[in-house]
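Numbering (the UniProt record's numbering), first residue to last: 1 to 370. Using N, Cα and C, we set each Cβ at its ideal position, and we do this for glycine too.
This is the structure we're talking about:
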């Protein structure tokens with residue numbers, strides 16, 4: 001049938017003017033009806049090539065962008081929004097198009113930090129929410145609408161129990177573990193509070209000093225940066241003389257138990273590609289534990305050298321090591337660390353490292369407590 005002229009003119013004007021803008025574009029209409037569906041991906045996933053190309057999973061309902069979640073200011077007139085991209089100890093300002101979602105944020109992270117991101121690990125993107133004063137997981141379907149701060153956090157890898165994913169023990173939560181690869185170019189050594197006044201109080205302190213010195217020698221041989229702290233040196237003295245601090249990057253006094261101080265974070269920021277910290281010193285259940293947990297919270301993999309860390313009591317020492325291992329922190333030994341860093345008998349420094357470990361490290365009471 002023939003259309004009436006008025007109806008044709010009305011539809012032509014509607015096509016020319018386009019749909020009216022709606023404040024409920026992402027969340028649906030005011031009456032609560034769901035808005036249009038669009039493809040989205042989970043904020044949790046690996047950063048393989050498919051993610052970098054922007055491939056997306058099954059369609060999910062979009063959700064509104066979080067207002068006032070990372071700073072003040074609206075989108076720039078050019079249609080881009082300033083965003084601070086944080087990864088590990090780094091923070092780099094950039095911008096993305098207004099309405100950018102998870103895929104574009106991932107692409108921006110790859111362009112800014114591609115040489116430092118382990119593509120085999122899984123990550124979660126988090127958004128700083130002023131309402132909570134901390135980072136929260138990025139909602140699925142999130143779209144950038146104003147200035148904000150986001151960070152990329154590496155996750156531990158879920159390992160199925162023996163027997164595969166259908167094993168009976170699957171009814172419990174899967175164990176979390178990390179791969180624990182160490183390379184000299186992405187590793188820093190942290191030597192924590194090996195001071196004179198601790199000598200009479202710390203269990204097996206002489207053994208701890210001996211192994212700590214062995215690790216520092218290995219770091220010098222392999223060119224690994226070393227950061228050293230001293231807890232209240234005015235009262236507790238300086239680092240013991242047996243520990244040779246030649247060539248270390250930083251020696252810093254502190255009163256905070258954790259080694260993660262602004263000066264330490266600044267020093268890490270000067271070292272490109274830091275992914276792992278090898279941590280040793282005293283006390284295991286105080287400064288070592290708090291340092292490890294803070295570093296993991298910043299996306300850095302932590303290796304605690306069990307034969308180079310101790311406490312005033314073996315009970316505190318062993319319970320701290322067990323707790324840290326349960327959180328996914330790697331509890332290891334000095335020889336394992338040094339040989340993992342060398343990785344090959346043909347490594348040009350292998351002979352020098354081998355000389356360090358010809359004599360086995362003292363067990364410092366660990367075997368009696370295993």
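According to the Cβ coordinates, are residue 192 and residue 239 closer than 8 Å? no
Between residue 291 and residue 78, what straight-line distance do the alpha-carbon atoms span, to the nearest angstrom? 43 Å
Whole-number beta carbon distance between residue 85 and residue 373, since they are thought to touch under 8 Å: The first residue shown for the chain is 1 and the last is 370, placing residue 373 beyond what the model contains.
C-alpha distance - residue 231 paired with residue 102, whole-angstrom precision: 43 Å
Reduced DSSP secondary structure (H/G/I, E/B, other) of residue 281: strand
Mind checking which residues open and close the alpha helix (DSSP H) that includes residue 248? Taken as a continuous stretch (DSSP letters only), residue 248 belongs to no alpha helix (DSSP H), as it is neither H nor E.
Checking 8 Å against the spacing of the C-beta atoms, do residue 286 and residue 319 come in under that value? no
Would DSSP call residue 179 helix, strand or coil? coil
Alpha-carbon to alpha-carbon, residue 324 and residue 289: 7 Å
Contact defined as beta carbons within less than 8 Å: I believe residue 295 pairs with residue 331. What is the distance between those atoms, to the nearest angstrom? Going by Cβ atoms, the distance from residue 295 to residue 331 rounds to 14 Å, so no, they are not a contact pair.
Skipping 5 residues on each side, what residues in its chain have a beta carbon closer than 7 Å to that of residue 204? 310, 364 and 365
Would you call residue 301 buried or exposed, if buried means 16 or more other Cβ atoms sit within 10 Å of its Cβ? buried
For the structure I just gave you, are there three or more beta carbon pairs, one from the region 232 to 251 and one from the region 275 to 283, closer than 8 Å? no
From residue 118 to residue 297, what distance separates their C-alpha atoms? 17 Å
Pull up the CB-CB distance for residue 334 and residue 353, whole angstroms please, since I reckon it's below 8 Å. The pair is not a contact, with the Cβ atoms about 11 Å apart (cut-off 8 Å).
Taking only the alpha-carbon atoms, compute the straight-line gap between residue 233 and residue 348 and give it to the nearest angstrom. 38 Å
Where residue 309 falls: helix, strand or coil (DSSP): strand
Under three-state DSSP, which class holds residue 216? helix
State the Cα-Cα distance for the pair residue 145 and residue 268, rounded to the nearest angstrom. 32 Å
So for residue 187, helix, strand or coil by DSSP? strand
Skipping 5 residues on each side, what residues in its chain have a beta carbon closer than 6 Å to that of residue 350? 342
Three-state secondary structure assigned by DSSP to residue 265: helix
Test item: CB-CB of residue 237 and residue 196 under 8 Å: yes
Which runs of the alpha helix (DSSP H), 4 residues or longer, sit entirely within the region 289 to 353? 289 to 297, 314 to 326 and 334 to 342
With DSSP run on the structure shown, which of helix, strand or coil describes residue 234? helix
Mark residue 136 as exposed unless 16 or more other C-beta atoms lie within 10 angstroms of its C-beta, in which case mark it buried. exposed
Please confirm whether residue 127 and residue 112 have their CB atoms less than 8 Å apart. no
Residue 150 and residue 125: beta carbons closer than 8 Å? yes
For chain B, is any of its Cβ atoms less than 8 Å away from the one on residue 94? Looking for chain B here will not work: only one protein chain is present.
Rounded separation between residue 215 and residue 184 - CA only: 13 Å
Hey, residue 116 and residue 87: beta-carbon distance below 8 Å or not? yes
Three-state class that DSSP yields for residue 442 in the structure shown: In the structure as shown, the chain starts at 1 and stops at 370, and residue 442 therefore has no counterpart that could be examined.
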